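**Student:** According to my numbering, the stretch in the sequence shown is residues 1 to 498, in order.
Before we start, here is the structure in question, set down as structure tokens.
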Amino acid sequence: MLTFSFLVELVFYVVIIFISLYLYFTRNFNHWKNKNVPYFKPLPFVGNVYNGVLMRDSMGEIFSDLYNKTMKPFIGFFILDKPCLLLRDPQLIKRVLISDFQHFYDRNILNNKRDDPISTHMLFFLKNPEWKDIRGKITPVFSSSKIKIMSRLIEDVGQEMVDYLEKNAMLDSTVDMKDVSLRFTVDVIGTAVFGVNAHSFQNANCKFNEIAQKLFNWDDTLTAFRIRCYFLTPMIAKLFRMKFIHPYCANFLKKSFLEIMDRRIASKVSRNDLIDILLQLKTNDKQFMDGDILVAQAVMFFAAGFETTSSTIAFALHELAQHPDIQNKLRQEIDLISGKHDGINYDSLKEMEYLDMCVKEVLRKYPVLPFLDRKTATNYDIPGTDVIIEKDTPVFIPILALHNDPRYFANPEVFNPERFSKTNNNNIEHFVYMPFGEGPRNCIGARFGKLTTKLGLAYILKSFVVEKTCFTEAKIRFNPKGVTLSPFKGMKLKLRKV
Ligand code: HEM
1 MLTFSFLVEL VFYVVIIFIS LYLYFTRNFN HWKNKNVPYF KPLPFVGNVY
51 NGVLMRDSMG EIFSDLYNKT MKPFIGFFIL DKPCLLLRDP QLIKRVLISD
101 FQHFYDRNIL NNKRDDPIST HMLFFLKNPE WKDIRGKITP VFSSSKIKIM
151 SRLIEDVGQE MVDYLEKNAM LDSTVDMKDV SLRFTVDVIG TAVFGVNAHS
201 FQNANCKFNE IAQKLFNWDD TLTAFRIRCY FLTPMIAKLF RMKFIHPYCA
251 NFLKKSFLEI MDRRIASKVS RNDLIDILLQ LKTNDKQFMD GDILVAQAVM
301 FFAAGFETTS STIAFALHEL AQHPDIQNKL RQEIDLISGK HDGINYDSLK
351 EMEYLDMCVK EVLRKYPVLP FLDRKTATNY DIPGTDVIIE KDTPVFIPIL
401 ALHNDPRYFA NPEVFNPERF SKTNNNNIEH FVYMPFGEGP RNCIGARFGK
451 LTTKLGLAYI LKSFVVEKTC FTEAKIRFNP KGVTLSPFKG MKLKLRKV
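In structure tokens:
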């Protein structure tokens, strides 16, 4: 029976626990004040990322909110109880990413050796000195000559996509172009990285496609929460032994990759894809003999490649559907130049200047990885100030916010590829446009990603006119649980044969 004294005791313990938690979670709240750094007043337990904790805003929007609330060159804020710094000033951003890179070579993201044997070796997660070593060794994988060879494999996938759309798109009044571009990029990575034809256009139940849908399924709250924790609260991810890559996906990708490697070694046939290049590393480099390190790089390319590129293609189609004039101009260029070069291929794409301008503008409005993160490797004096930020402080660079700041891009909400014309390009301030990051730790797959995006778009636009539907909203809603920028509820558009 509940006696009065028992209830009093219970209330007493609840109050004590609450006060202890309150004191624990607010113990750092004077951190920035003591350092004389301007900062946003935090709330107990959530810090300044209230909407982030509740997954009401995508991560890009969380950092944009903070960016837009101040004009200071840098500002302190809190993720739960952790003091973090948000950078706004392009000169300071340059220092962090390039000039003072020796103080900022690691990302804040968790590297979870104990619980996640795959992601721990992935380039994105690696800490120094391992990162430097592996980055140096796999950089040649993305050289221009290798990408040119791989582009032939991507062309075949482009044609498969057009065949699929010709058969299917005309039957339905609308097509989810996010789904189509996802299948396209899954097949591209399948053929160029894993050396297999995934055939996700022909086979609705394609396993690679299923894995891709699962890896970054932002509609699944658990997946979104796990990945958010890796980026924002590494301590929580570590405490609860979370894995970045879902074990079901990791096992499938690992098994496929090892099987493909074995078959390739047995057949001795070269396909000029990444498997060939990774095999060379395995033979010539002792470090890569550890299967997990090699597998991790293949999984990395798969994970980093398909979501970023497919979302970029989907965002581009959304804008082109809203701007038929830009779409027509682009199609004319694609027709003219592909006519001269025997089709859409590496050489013709290189000549398509307007396509390049359009893709740059898409990546301005929609940088799929909408923020960069780094962590101080040592105490760091912010130049020109008397502020010293301590070792291990997370530092965030809000790319989405910079790309949409009217001080750098007039009328940022307007889709205007002319910003990137030869004459206007030079007027863009440095370190305010960074869709692939900057400095030694920038995106290693940038060239590959751009090629895939351009090739996919060129194939679609050469055969189809893309139009908006009654579902198309002028302003895209991002998936609020997303870590990358991803259109909420797909990208429904109408296609008409040219
Ligand atoms: C449109 C497509 C893509 C975009 C917008 C994009 C964007 C980015 C960004 C912003 C970063 C962080 C850079 C930094 O911290 O400074 C990054 C890192 C990375 N990206 Fe990409 N990416 C794309 C495609 C790809 C592709 C296709 C691959 C591989 C096949 C790839 C592999 C990587 C890897 C491995 C890293 C980590 C690099 C390191 O830590 O050394 N990305 N990407």
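Quick reminder that beta carbons are idealized off the backbone N, C-alpha and C, glycines included.
Just so you know, these numbers come straight off a predicted model, no measurement behind them.
1. What residue does the alpha helix (DSSP H) around residue 387 start on, and which one ends it?
2. Who does residue 503 pair with in a DSSP beta bridge?
3. With DSSP as the reference, label residue 179 as helix, strand or coil.
4. Can you find the residues in the same chain that come closer than 8 Å, C-beta to C-beta, to residue 50, ignoring five residues on each side of it along the sequence?
5. The alpha helix (DSSP H) that contains residue 257, what's its start and end?
6. Is the stretch 219–230 in contact with the stretch 323–343, if contact means three or more CB pairs nearer than 8 Å?
7. My guess is that residue 485 and residue 367 are in contact by the Cβ rule of under 8 Å, so how many angstroms apart are they, rounded?
8. List the residues that DSSP assigns as beta-bridge partners of residue 496.
9. Classify residue 249: buried if its beta carbon has 16 or more other beta carbons within 10 angstroms, exposed otherwise.
10. Of the choices 83, 176, 211, whose alpha-carbon is the least far from that of residue 469?
11. Using a 10 Å radius around the Cβ and a threshold of 16 neighbouring Cβ atoms, would you call residue 62 buried or exposed?
12. Based on the DSSP output, what are the partners of residue 397 in its beta bridges?
13. So, helix, strand or coil for residue 485, using DSSP?
14. Per DSSP, which residues does residue 281 bridge with? Please list them.
15. Give me the Cα-Cα distance between residue 411 and residue 153, rounded to the nearest whole angstrom.
16. Considering just the uninterrupted stretch of the alpha helix (DSSP H) at residue 470, what are its terminal residues?
17. What does the alpha-carbon distance come out to for the pair residue 313 and residue 346?
18. Assuming contact is defined by CB atoms lying nearer than 9 Å, are residue 74 and residue 376 in contact in what I supplied?
19. What's the C-alpha gap between residue 479 and residue 7?
20. Would you report the Cα separation of residue 130 and residue 406, rounded to the nearest angstrom?
21. Kindly list the residues whose CB is nearer than 8 Å to the CB of residue 429, restricted to its own chain and excluding five residues on each side of it in sequence; keep chain order.
22. Answer with buried or exposed for residue 107, where buried requires no fewer than 16 other C-beta atoms within 10 angstroms of its C-beta.
23. Does the distance from the C-beta atom of residue 139 to that of residue 444 stay below 9 Å?
24. Check the C-beta distance from residue 137 over to residue 285 and give it rounded, since I have them as a contact under 8 Å.
25. Does DSSP put residue 443 in a helix, a strand or coil?
26. Determine the extent of the alpha helix (DSSP H) in which residue 325 is found, giving its start and end residues.
27. Is residue 206 helix, strand or coil when you go by DSSP?
28. Of the choices 438, 425, 195, whose alpha-carbon is the least far from that of residue 397?
29. What I want to know is whether the C-beta of residue 30 ends up closer than 8 Å to one or more non-hydrogen atoms of the ligand HEM.
30. Whole-angstrom Cβ separation of residue 494 and residue 467, contact assumed at under 8 Å?
31. So, helix, strand or coil for residue 380, using DSSP?
32. Give the single residue among 440, 399, 389, 413 whose Cα lies nearest to the Cα of residue 35.
33. Could you round the C-beta distance between residue 310 and residue 181 to whole angstroms and report it? I think they count as a contact, below 8 Å.
34. Could you tell me the boundaries of the alpha helix (DSSP H) in which residue 90 lies?
**Tutor:** According to the structure shown:
1. Premise fails: residue 387 is in no alpha helix (DSSP H) and is neither H nor E.
2. No statement about residue 503 is possible, as the shown extent of the chain runs from 1 to 498 and does not include it.
3. helix
4. 43
5. 247–267
6. no
7. 7 Å
8. According to the DSSP secondary-structure assignment, residue 496 is paired through a beta bridge with 465.
9. Classification of residue 249: buried, given that the 10 Å Cβ count is 16 or more.
10. 176
11. buried
12. 372
13. coil
14. In the DSSP output, where bridge partners are listed per residue, residue 281 has none listed.
15. 39 Å
16. Residue 470 -> no alpha helix (DSSP H), and no H or E assigned at all.
17. 18 Å
18. no
19. 45 Å
20. When rounded, the distance between both Cα atoms is 40 Å.
21. 90, 408
22. buried
23. Taking 9 Å as the Cβ cut-off, residue 139 and residue 444 qualify as a contacting pair.
24. Confirmed, about 6 Å.
25. coil
26. 324–340
27. Annotated three-state conformation of residue 206 is coil, per DSSP.
28. 438
29. no
30. 4 Å
31. strand
32. 389
33. 4 Å
34. Its alpha helix (DSSP H) spans residues 90–94.
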